[in-house]
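**Student:** Heads up: take any position in the sequence shown, counting from 1, add 2, and you land on this note's numbering.
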Amino acid sequence: MIILGIDTSCDDTSIAVLDDTKVLSNVVSSQVSLHSRFGGVVPEIASRKHVELIDRIYEEALGEAGLALRDIEAVAVTQGPGLVGSLLVGLCFSKGLVLGTGKPFVGVNHLEAHAMSIFLEREVEFPFLSLIVSGGHSVILLFSKPGQFRMIGTTRDDAVGEAFDKIAKYLNLGYPGGKIIEDLAREGRADYVAFPRPMEDERNYDFSFSGLKTAFINHVKKHGISDGTRSHILASFQEAACDVLSRKTVRAAKDLGINRLVIGGGVASNGRLREVLRERCTAEGVAVFFPSVRFCTDNAAMVAVTACFHVRQNLFSGLDMKAFSRMKWS
Numbered sequence: 003m004i005i006l007g008i009d010t011s012c013d014d015t016s017i018a019v020l021d022d023t024k025v026l027s028n029v030v031s032s033q034v035s036l037h038s039r040f041g042g043v044v045p046e047i048a049s050r051k052h053v054e055l056i057d058r059i060y061e062e063a064l065g066e067a068g069l070a071l072r073d074i075e076a077v078a079v080t081q082g083p084g085l086v087g088s089l090l091v092g093l094c095f096s097k098g099l100v101l102g103t104g105k106p107f108v109g110v111n112h113l114e115a116h117a118m119s120i121f122l123e124r125e126v127e128f129p130f131l132s133l134i135v136s137g138g139h140s141v142i143l144l145f146s147k148p149g150q151f152r153m154i155g156t157t158r159d160d161a162v163g164e165a166f167d168k169i170a171k172y173l174n175l176g177y178p179g180g181k182i183i184e185d186l187a188r189e190g191r192a193d194y195v196a197f198p199r200p201m202e203d204e205r206n207y208d209f210s211f212s213g214l215k216t217a218f219i220n221h222v223k224k225h226g227i228s229d230g231t232r233s234h235i236l237a238s239f240q241e242a243a244c245d246v247l248s249r250k251t252v253r254a255a256k257d258l259g260i261n262r263l264v265i266g267g268g269v270a271s272n273g274r275l276r277e278v279l280r281e282r283c284t285a286e287g288v289a290v291f292f293p294s295v296r297f298c299t300d301n302a303a304m305v306a307v308t309a310c311f312h313v314r315q316n317l318f319s320g321l322d323m324k325a326f327s328r329m330k331w332s
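#1: What are the start and end residues of each continuous beta strand (DSSP E) run of 3 or more residues lying completely inside the segment 223 to 282, in chain order?
#2: What residue from 156, 143 and 175 has the CA that sits closest to residue 263's CA?
#3: Just list the residues that DSSP pairs residue 33 with in beta bridges.
#4: Start and end of the beta strand (DSSP E) containing residue 110?
#5: Given 8 Å as the limit, is there contact between the segment 303 to 318 and the segment 21 to 37, that is, 3 or more CB pairs closer than that?
#6: What is the DSSP secondary structure of residue 324, reduced to helix, strand or coil?
#7: Going by beta carbon distance, what residues of the same chain come within less than 6 Å of residue 106, once the five residues before and after it are set aside?
#8: If you draw a straight line from the alpha carbon of residue 168 to that of residue 69, how long is it in whole angstroms?
#9: What's the call for residue 34, buried or exposed, on a 16-neighbour Cβ count within 10 Å?
#10: Report yes if the C-beta distance between residue 17 and residue 63 is below 7 Å; otherwise report no.
#11: Would you call residue 65 buried or exposed, if buried means 16 or more other Cβ atoms sit within 10 Å of its Cβ?
#12: Please report how far the alpha carbon of residue 238 lies from the alpha carbon of residue 222, in whole angstroms.
#13: On the DSSP letters alone, give me the boundaries of the alpha helix (DSSP H) that residue 130 sits inside.
#14: If you draw a straight line from the alpha carbon of residue 236 to that of residue 323, how long is it in whole angstroms?
#15: Return the bridge partner residues of residue 151 from the DSSP annotation.
#16: Starting from residue 79, trace the alpha helix (DSSP H) both ways and give me its first and last residue.
#17: Who are the near neighbours of residue 201 in its chain, counting only those whose CB is closer than 8 Å to its CB and skipping five residues on each side?
#18: Would residue 2 and residue 244 qualify as a contact pair, given that the criterion is a beta-carbon distance under 7 Å?
#19: Going by other Cβ atoms of all chains shown within 10 Å of its Cβ, with 16 needed for buried, is residue 101 buried or exposed?
#20: Can you have a look at residue 48 and say buried or exposed, based on whether 16 or more other CB atoms are within 10 angstroms of its CB?
#21: So what does DSSP say about residue 174, is it helix, strand or coil?
#22: Since residue 254 and residue 134 should fall inside the 8 Å C-beta cutoff, what is the C-beta to C-beta distance between them, to a whole number of angstroms?
#23: Taking residue 147 and residue 128 to be in contact with their CB atoms under 8 Å, please state how far apart those CB atoms are, rounded to whole angstroms.
#24: Looking at residue 12: is its Cβ nearer than 7 Å to the Cβ of residue 84?
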């Protein structure tokens, strides 16, 4: 089935065309240059830019795929969670396509799409556990089948990507902070500062990164930071975050008897996190799967591939579908 996917959940405008799980096109327009001077995404600016770009991105996606709207068999769009103003742009655009053509409509959960992005490159057997880590989310999900998942653990405060961005902003390193910190930390000693591992010993699977962020800031205020120590301090901060994420996620997999772990979200592109998870999963007999870096950040291909699985199960949406900003876990 030929599926058109649309994602405007945050600050990337993306439209993709898939033939089942095969990517025919995946056009992504980033707004990083617009938001970098603010040190983070400004929702009003993001939504207005989506409005400006979405027609062109749509034409590019169809052009790269070598197809026309008449060839599309279903339309999929990110419903949430995300920035409501941004989500509404994609939602209204997709509803227009569906209203004008009568094509099947599929609303996609953004977190599910990050987990399902692995299917763009390989098959993974259900059930599996998924760690989704980004600027807005740090959550462990248990997938029993496509479209059916539940939350096992989540952050109590900051998402891990948010903590990275806030540290980068505090040090005036630039935005987005995750990649900048990873690059600087590569030259540092991860054992230079013994930063805390928040909630590491609690028997739940939740995270907390606000305290780790505060510990970093307090260390810098007390001891200072220089060109000679910066990479070491950042490496220690990154190691603490990766250690907690990997330890609690793998423990959840073992406790639940799940031996497959899928990683997704923008922070899943972090090289050190991948190394730590691979090491821990190998030691515990858990198979771990990472999407390519280009599919870690927000993109419409992951929306379309998720919709592909929904269509197979006759899971469709109506034109009354609404955007939502936050997950409501039952």
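Heads up, the beta-carbon is just placed ideally off N, CA and C, and yes, glycines get one too.
**Tutor:** Let's see:
#1: 262 to 266
#2: As a first step, residue 263 is located in the sequence shown; it is residue number 261 there, counting from the start. Residue 143 is the option with its Cα nearest to residue 263.
#3: Sequence index remark: in the sequence shown, residue 33 carries index 31 (1-based). Looking at the DSSP assignment, residue 33 forms no beta bridge with any residue, so it has no partner.
#4: In the sequence shown, counting from the first residue as 1, residue 110 sits at position 108. Run containing residue 110: 107 to 111, per the beta strand (DSSP E) assignment.
#5: yes
#6: What you label residue 324 is simply residue 322 of the sequence shown in a count that begins at 1. Coil.
#7: Locating residue 106 in the sequence shown gives position 104, where the first residue counts as 1. 76 and 318.
#8: As a working mapping, residue 168 is identified with position 166 in the sequence shown. As a working mapping, residue 69 is identified with position 67 in the sequence shown. Their Cα atoms are separated by approximately 42 Å.
#9: Counted from its first residue, the sequence shown places residue 34 at position 32. Exposed is the call here.
#10: Taking the first residue of the sequence shown as position 1, residue 17 is located at position 15. Taking the first residue of the sequence shown as position 1, residue 63 is located at position 61. Yes, they are a contact pair.
#11: Your numbering for residue 65 matches position 63 in the sequence shown. Result: exposed.
#12: In the sequence shown, counting from the first residue as 1, residue 238 sits at position 236. In the sequence shown, counting from the first residue as 1, residue 222 sits at position 220. Rounded to the nearest angstrom, the two C-alpha atoms are 12 Å apart.
#13: Position 128 of the sequence shown, counted from the first residue, corresponds to residue 130. Element bounds for residue 130: not the alpha helix (DSSP H) but the beta strand (DSSP E), 130 to 135.
#14: Residue numbering aside, residue 236 sits at position 234 when the sequence shown is read from its first letter. Residue numbering aside, residue 323 sits at position 321 when the sequence shown is read from its first letter. Rounded to whole angstroms, residue 236 to residue 323 spans 43 Å at the Cα level.
#15: The residue you call residue 151 lines up with position 149 of the sequence shown. In the DSSP output, where bridge partners are listed per residue, residue 151 has 145.
#16: Sequence index remark: in the sequence shown, residue 79 carries index 77 (1-based). Not the alpha helix (DSSP H): residue 79 falls in the beta strand (DSSP E), residues 76 to 82.
#17: One-based indexing of the sequence shown puts residue 201 at position 199. Closer than 8 Å at the Cβ level, and outside the excluded window around residue 201, lie 158, 208, 209, 210, 246 and 250.
#18: Residue 2 cannot be examined here, being either before or after the span of the chain that is shown, 3 to 332.
#19: Indexing the sequence shown from 1 puts residue 101 at position 99. When all chains shown are included, residue 101 counts as exposed.
#20: As a working mapping, residue 48 is identified with position 46 in the sequence shown. Answer is buried; the Cβ neighbour count reaches 16.
#21: Stepping through the sequence shown from its first residue, residue 174 is reached at position 172. Correct three-state label for residue 174: coil.
#22: Looking up residue 254 in the sequence shown gives position 252. Looking up residue 134 in the sequence shown gives position 132. With 8 Å as the limit, residue 254 and residue 134 do not qualify as a contact, their Cβ atoms being about 13 Å apart.
#23: Along the sequence shown, one-based indexing puts residue 147 at 145. Along the sequence shown, one-based indexing puts residue 128 at 126. Right, the Cβ-Cβ distance comes to about 5 Å (below 8 Å), so this counts as a contact.
#24: For the purposes of this step, residue 12 is identified with residue 10 of the sequence shown, where counting begins at 1. For the purposes of this step, residue 84 is identified with residue 82 of the sequence shown, where counting begins at 1. Yes, the Cβ-Cβ distance between residue 12 and residue 84 is below 7 Å.
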